[in-house]
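Undergrad: Chains as they are written, first to last, in this note's numbering: chain A, 187 to 568; chain B, 187 to 568.
Just so it is clear, CB atoms sit at the ideal spot from N, CA and C, and this is done for glycine as well.
Only a predicted model underlies this, so the values are computations on that prediction, with no experimental measurement involved.
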DNA sequence: CTTTGTTAATTTAATAAATTAACAAAGAAA
DNA sequence: TTTCTTTGTTAATTTATTAAATTAACAAAG
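Structure below.
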C-alpha cells in the first residue's frame with residue numbers, strides 16, 4: 187500500500203521510463219511519452235536525470251518519419267554492475283554482469299569440504315576479483331546470492347539446507363559486514379526464476395530439475411513466496427500411492443520418482459549393475475531405445491508430467507520453464523513431457539501453455555541472483 | 187504499471203484513507219495521518235471530499251489524550267449499496283448490502299427449468315425489488331454476479347457451465363442493457379473468495395465443497411486468475427492412481443473421490459441400498475461410527491486432505507478456507523481434515539497454516555459477489 | 001535551392017496536490 | 001488560573017506534472 191506523494195509519483199515515472207528503455211533497446215523520448223502517456227516534458231526531465239546518473243545514454247539517431255530524427259536511448263551498460271553468486275552443492279558459481287545484464291565475467295570454483303568457511307572464503311575472493319577488475323567499484327549496485335533449501339529473503343538468512351549441515355546462517359550479515367552494497371539472498375530456484383523475469387517473462391512456473399526438484403512461482407512478474415517462504419516445494423507432491431520412500435520420509439513424492447538420483451538408482455537396480463553409471467549414459471541408452479532405459483526414463487517423465495499437470499490445473503500459468511538437468515535434453519525429454527502434460531491437464535488450463543527450457547544453463551543460479559538485484563534496482567527498491 | 191500523475195497520487199491517498207476508515211471502525215483524522223504518514227492537511231482535505239460524497243461520516247468524539255478530543259470517522263452505511271447475485275445450480279440467491287457490507291435483504295428463488303430465460307427474469311425481478319426498496323437507487327454502486335464454471339470476468343462472459351447447457355453467455359451485456367451500474371461477473375467460488383478478502387484476509391485458498399470441488403486462489407489480497415481464467419481447477423488434480431472415472435474423463439480426480447455425489451454413490455453401493463440417501467444421513471451414521479459411513483467419509487477426507495497438502499506444499503498459504511458442504515460439519519469433518527493435512531504436508535509449509543470455514547454459508551456466493559463490487563470500489567476501480 | 005509541413009526535443013507558464021507552518025479549539029495537568 | 005497537549009483547519013510553499021510555445025532537424029515537393 188504505497189502512499190501518494192511527490193516522491194512516489196516521480197519514482198513511478200522514473201521506473202516506467204527506465205523499464206521501457208531496458209525493454210525496447212533503442213527508443214526515443216517521443217515514443218516513451220506516447221507509450222507511457224506522460225508529457226514529453228516529463229520524459230525530457232527524467233531522462234536528463236537518468237543520463238546524469240549514467241544509467242542511460244544516447245546511442246544513435248533513428249530514422250526520420252518526415253521530421254527531425256529521433257535520438258534513440260539505451261541503457262548505459264557501463265553505468266552499473268552487479269555480482270551474482272550461487273552456493274551450489276558441489277561448486278560456487280559467480281558472475282559479474284553489466285547494466286544491460288551481459289555477462290562480463292564468470293567463474294566456477296569446485297568445493298571440497300562443504301564447510302561454511304570454505305564457501306565464505308571463496309566468495310570473498312571472487313568478489314575481490316570482480317571489484318579489482320572494475321575501474322570504479324562504486325558502480326556495483328548490489329550482490330545477489332542463491333542457495334538451495336529454505337531461505338528467508340527478508341532477513342537474508344538461510345534457514346535450512348538439506349545438503350549442508352550448517353543450520354541457520356545469516357548470509358546477508360556475513361556479506362554486509364565486508365561490503366557496503368545492497369545484498370539479496372534467496373533460494374537458488376527463485377533466483378533462477380528472477381533471471382527469467384529479467385528476460386521479460388511475467389507469469390510462469392520455473393522448475394529446476396536434478397538432484398532435487400524445486401519450483402518457483404511467478405505471477406505478475408513477481409515471485410510468490412508463501413507465508414513462510416516455503417512456496418514451491420514441488421518435489422514433495424504426492425504423485426502416486428506408493429513408490430520408493432523419499433528422504434523427506436513420505437512415500438510417492440515426485441523427488442523420489444523423477445530426480446536424477448532416483449532415476450540412476452532405479453536403472454542401476456533394474457540392470458543389476460556392478461559399476462557406477464551416470465545420467466548421460468542412461469540418456470544415450472534411452473535414445474538407442476534400450477529397454478531398461480526406456481522404462482526408467484518414461485516412468486520418470488510420466489510422474490513428472492503428472493505433477494506438472496496438477497500445477498497447470500491449479501495455477502493455469504502462461505508457461506512452465508524447465509531448468510537444470512532435464513533442460514539439457516530438450517528434444518528427447520521436454521518434447522515428450524509436453525505431450526504428457528497436454529493429455530493429463532484440463533483443456534482450458536493447458537490451451538495456451540508453453541513449456542520451454544531456461545534461458546541460462548549452469549550459470550542460471552548465479553546470473554539469476556544478479557538479475558534479482560537488477561530487477562529490484564529497476565523497481566527502484568534500492 | 188500505473189503512471190505517476192497528480193490524479194493517481196490523489197487516488198492512492200483516497201484509497202488508503204477510505205480503506206483505513208473501513209478497517210478501523212472509528213478513527214480520527216490525526217490517527218489516519220500518523221498511520222499513513224501523510225500530512226494532516228491532506229487528510230482533512232480528502233476526508234472533506236469523502237464526507238461530501240456521503241461515503242464517510244463523523245460519528246462521535248473519542249477520548250482525549252491530553253488535548254482536543256478527536257472526531258471519530260466511520261463509513262456511512264447509508265451512503266451506498268451493492269447488489270450481489272449467485273446463479274446457483276438449483277437456485278438464484280441474491281443480497282442487498284449497505285456500504286458497511288451489512289446484509290439488508292436476502293432472497294432465494296428456487297429454479298425449475300434451468301433455462302437462461304428463467305434465470306434472467308428472476309434476476310431482473312430481484313434487482314427491481316431492491317431498487318424499489320431504496321429511497322435513492324442512484325446509491326447503488328454496482329452489481330456482482332457469480333456463476334459456476336469457466337468465466338471470463340474481463341469480458342463478463344460465462345464461457346462454459348457444466349450444469350447448464352447454455353453455451354457461452356454474455357451475462358454482463360444482459361445486465362448492462364437494463365442497468366447503468368458497474369457490473370462484475372465471475373466464477374462463483376472466486377466470488378466467495380472475494381467475500382473473504384472483504385473480511386480482511388489476504389493470502390488464502392478458498393475451497394468450495396459439494397457437488398463440485400473448486401478453489402479460488404488469493405495472494406496479496408488479489409484473486410489469481412491464471413492465463414485463461416482457469417486457475418483453481420482443484421477438483422481435477424489426480425490424487426490416486428486409479429479410482430472411479432471422473433466426469434472429465436480421467437481417473438483419480440479429487441472430484442470423483444470427495445464430492446458430495448461420489449460419497450453418496452459409494453455409500454449407496456457399499457450398503458447396497460434400494461432407496462435414496464442424502465449426505466446428512468450419512469454424516470449422522472458417521473457420527474454413530476457406523477462401519478460403512480466411517481469407510482466412505484474417512485476415505486473422502488483422506489483424499490481431500492492429500493489434495494490440500496499438495497496445495498499447501500506448493501503455495502504455502504496463510505490459510506485454507508473451506509466453504510460449502512463440508513463447512514457445515516466443522517467439528518466432525520474440518521478438524522480431522524486439519525490433522526490429515528498436518529501429517530501429509532512438509533513441516534515448513536504447514537507450520538502456521540490455519541484451516542477455517544467460510545464466513546458466510548448459503549449466501550456466500552451472493553454476498554461475495556456484492557463484496558467483489560465493494561472491493562473494487564475501495565480500490566477506486568469504479 | 002526554397003518552401004512547406006512534420007516530427008523531436010526543450011523551455012516556459014500554469015496547475016494539481018502534496019507538505020510545512022501557523023494557529024484556533026478544546027481539553028488535561030499543574 | 002495558567003500552561004501544556006492534541007486535534008483539526010487554513011494559508012503559504014514546494015514538487016512535479018501538463019499544456020503550450022519554441023527551437024531543431026529533417027522529408028517532400030516543386
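If I measure Cβ to Cβ from residue 541 of chain A and keep anything under 6 Å in the same chain, skipping five residues before and after, which residues do I get?
TA: Taking the first chain and counting its residues from 1, the one referred to as residue 541 of chain A is at position 355. Within the same chain, residue 541 of chain A has close Cβ partners 506 and 524.
Undergrad: Which runs of the beta strand (DSSP E) fall wholly inside the stretch 279 to 305 of chain A and span at least 3 residues, in chain order?
TA: The qualifying runs are 289 to 296.
Undergrad: Is residue 187 of chain A helix, strand or coil by DSSP?
TA: As a working note, residue 187 of chain A is residue 1 in the first chain. Looking at residue 187 of chain A - three-state DSSP - the assignment turns out to be coil, as it is neither helix nor strand.
Undergrad: Can you name, in chain order, every residue of its own chain whose Cβ lies under 7 Å from the Cβ of residue 383 of chain B, other than the five neighbours on each side?
TA: Position 197 of the second chain, counting from 1, holds the residue named residue 383 of chain B. So the qualifying residues of the chain are 404, 407 and 561.
Undergrad: Indicate whether residue 286 of chain A and residue 311 of chain A have their beta-carbon atoms separated by less than 7 Å.
TA: Taking the first residue of the first chain as position 1, residue 286 of chain A is located at position 100. Taking the first residue of the first chain as position 1, residue 311 of chain A is located at position 125. Cβ distance not < 7 Å, so residue 286 of chain A and residue 311 of chain A don't count as in contact.
Undergrad: Name the DSSP beta bridge partners of residue 332 of chain A, please?
TA: Indexing the first chain from 1 puts residue 332 of chain A at position 146. Paired residue(s): A/272 and A/372.
Undergrad: Taking all protein chains shown into account, do 16 or more other C-beta atoms lie within 10 angstroms of the C-beta of residue 430 of chain A, making it buried, or fewer, making it exposed?
TA: The count along the first chain starts at 1 and reaches residue 430 of chain A at position 244. Exposed: under 16 other Cβ atoms inside 10 Å.
Undergrad: Can you name the residues that DSSP bridges to residue 243 of chain A?
TA: For the purposes of this step, residue 243 of chain A is identified with residue 57 of the first chain, where counting begins at 1. Answer is A/260.
Undergrad: If you follow the alpha helix (DSSP H) that residue 363 of chain A is part of, which residue opens it and which one closes it?
TA: Here residue 363 of chain A refers to the residue found at position 177 of the first chain. Where residue 363 of chain A is concerned, the enclosing alpha helix (DSSP H) stretches over 357 to 364.
Undergrad: For a contact meaning CB atoms closer than 9 Å, what does residue 256 of chain A contact in chain B?
TA: To locate residue 256 of chain A, count along the first chain from 1; it is residue 70. Under the 9 Å cutoff, chain B gives no residues; its nearest Cβ is about 21 Å from residue 256 of chain A.
Undergrad: Keeping to the same chain, check which residues put their C-beta closer than 8 Å to that of residue 456 of chain B; ignore five residues upstream and five downstream.
TA: The residue you call residue 456 of chain B lines up with position 270 of the second chain. Excluding sequence neighbours, residue 456 of chain B sits near 478, 481 and 482.
Undergrad: Please report how far the alpha carbon of residue 302 of chain A lies from the alpha carbon of residue 337 of chain A, in whole angstroms.
TA: Translated into positions along the first chain, residue 302 of chain A becomes position 116. Translated into positions along the first chain, residue 337 of chain A becomes position 151. Distance between the alpha carbons of residue 302 of chain A and residue 337 of chain A: 16 Å.
Undergrad: Nearest chain A C-beta to residue 427 of chain B closer than 7 Å, yes or no?
TA: Taking the first residue of the second chain as 1, we reach residue 427 of chain B at position 241. Judged by the 7 Å Cβ criterion, residue 427 of chain B is in contact with chain A.
Undergrad: With DSSP as the reference, identify every bridge partner of residue 324 of chain A, one or two as the case may be.
TA: Taking the first chain and counting its residues from 1, the one referred to as residue 324 of chain A is at position 138. Bridge partners of residue 324 of chain A: none, in fact.
Undergrad: On the DSSP letters alone, give me the boundaries of the alpha helix (DSSP H) that residue 206 of chain A sits inside.
TA: For this step, residue 206 of chain A is matched to residue 20 along the first chain. Looking at the DSSP string, the run of the alpha helix (DSSP H) that includes residue 206 of chain A is 192 to 209.
Undergrad: If the cut is a Cβ gap below 8 Å, which residues of chain A does residue 492 of chain B touch?
TA: Your numbering for residue 492 of chain B matches position 306 in the second chain. Result: 424.
Undergrad: Going by DSSP, what residue range makes up the alpha helix (DSSP H) through residue 444 of chain A?
TA: Working through the first chain from its first residue, we reach residue 444 of chain A at position 258. Segment 441 to 444, the alpha helix (DSSP H) holding residue 444 of chain A.
Undergrad: Who does residue 542 of chain A pair with in a DSSP beta bridge?
TA: Locating residue 542 of chain A in the first chain gives position 356, counting from the first residue. Per DSSP, A/507.
Undergrad: Determine, for residue 416 of chain A, whether the minimum Cβ-Cβ distance to residues of chain B falls below 7 Å.
TA: Stepping through the first chain from its first residue, residue 416 of chain A is reached at position 230. Judged by the 7 Å Cβ criterion, residue 416 of chain A is in contact with chain B.
Undergrad: Please classify residue 423 of chain B: is it buried, with 16 or more other beta-carbons within 10 angstroms of its beta-carbon, or exposed?
TA: Start at 1 with the first residue of the second chain, and residue 423 of chain B comes out as number 237. Classification of residue 423 of chain B: buried, given that the 10 Å Cβ count is 16 or more.
Undergrad: Name, please, each residue of chain B whose Cβ falls closer than 9 Å to the Cβ of residue 188 of chain A.
TA: As a first step, residue 188 of chain A must be located in the first chain, where it is residue number 2. Near residue 188 of chain A (Cβ distances below 9 Å), the residues of chain B are 198 and 202.
Undergrad: With the cut-off set at 7 Å, would you say residue 503 of chain B and residue 389 of chain B are in Cβ contact?
TA: Taking the second chain and counting its residues from 1, one reaches residue 503 of chain B at position 317. Taking the second chain and counting its residues from 1, one reaches residue 389 of chain B at position 203. Contact flag set, yes.
Undergrad: Counting C-beta neighbours from all protein chains within 10 Å, is the total for residue 446 of chain B 16 or more, i.e. buried, or is it exposed?
TA: By one-based count along the second chain, residue 446 of chain B stands at place 260. Under this definition residue 446 of chain B is a buried residue.
Undergrad: Under a CB-based cut-off of 7 Å, is residue 419 of chain A close to chain B?
TA: One-based indexing of the first chain puts residue 419 of chain A at position 233. It does; some Cβ of chain B falls within 7 Å.
Undergrad: So, with DSSP's three-state summary, where would you put residue 518 of chain B?
TA: Along the second chain, one-based indexing puts residue 518 of chain B at 332. DSSP places residue 518 of chain B in helix when its eight states are reduced to three.
Undergrad: Would residue 319 of chain B count as contacting chain A if we go by Cβ distances under 7 Å?
TA: In the second chain, the residue the question calls residue 319 of chain B occupies position 133. No, its Cβ sits nowhere closer than 7 Å to a Cβ of chain A.
Undergrad: Can you give me, in chain order, the residues of the stretch 397 to 415 of chain A that have a beta carbon less than 9 Å from any beta carbon in chain B?
TA: Result list: 401, 403, 405, 406, 408, 410, 411, 412, 413, 414 and 415.
Undergrad: For residue 502 of chain B, does the three-state DSSP call read helix, strand or coil?
TA: As a first step, residue 502 of chain B must be located in the second chain, where it is residue number 316. In this structure, residue 502 of chain B counts as coil in the three-state DSSP scheme.
Undergrad: If you measure beta-carbon to beta-carbon, which residues of the stretch 317 to 344 of chain B are closer than 7 Å to chain A?
TA: Residues passing the 7 Å Cβ filter: 336.
Undergrad: Flag this pair as yes or no: are the beta carbons of residue 330 of chain A and residue 556 of chain A separated by less than 7 Å?
TA: Looking up residue 330 of chain A in the first chain gives position 144. Looking up residue 556 of chain A in the first chain gives position 370. Yes, these two residues count as a Cβ contact at 7 Å.
Undergrad: Check whether the stretch 212 to 230 of chain B and the stretch 206 to 221 of chain A touch, using three or more Cβ-Cβ pairs below 8 Å as the test.
TA: Flag = no, the stretch 212 to 230 of chain B and the stretch 206 to 221 of chain A do not touch.
Undergrad: Counting only beta-carbon atoms, is residue 501 of chain B nearer than 7 Å to chain A?
TA: Translated into the one-based positions of the second chain, residue 501 of chain B becomes position 315. For residue 501 of chain B, the answer is yes, since a Cβ of chain A falls inside 7 Å of its Cβ.
Undergrad: With a threshold of 6 Å (Cβ to nearest heavy atom), would residue 483 of chain A be considered close to the ligand PLP?
TA: The model depicted lacks the ligand PLP and carries no ligand whatsoever.
Undergrad: Does the distance from the C-beta atom of residue 549 of chain B to that of residue 292 of chain B stay below 7 Å?
TA: Taking the first residue of the second chain as 1, we reach residue 549 of chain B at position 363. Taking the first residue of the second chain as 1, we reach residue 292 of chain B at position 106. Cβ atoms of residue 549 of chain B and residue 292 of chain B: closer than 7 Å.
Undergrad: Per DSSP, what are the beta-bridge partners of residue 612 of chain B in this structure?
TA: Any property of residue 612 of chain B remains undetermined from this structure, which presents chain B solely from 187 to 568.
Undergrad: Closer than 8 Å is the cut-off here; do at least three beta carbon pairs connect the stretch 365 to 375 of chain A with the stretch 483 to 501 of chain A?
TA: The stretch 365 to 375 of chain A, when compared against the stretch 483 to 501 of chain A, does not touch it at the 8 Å Cβ threshold.
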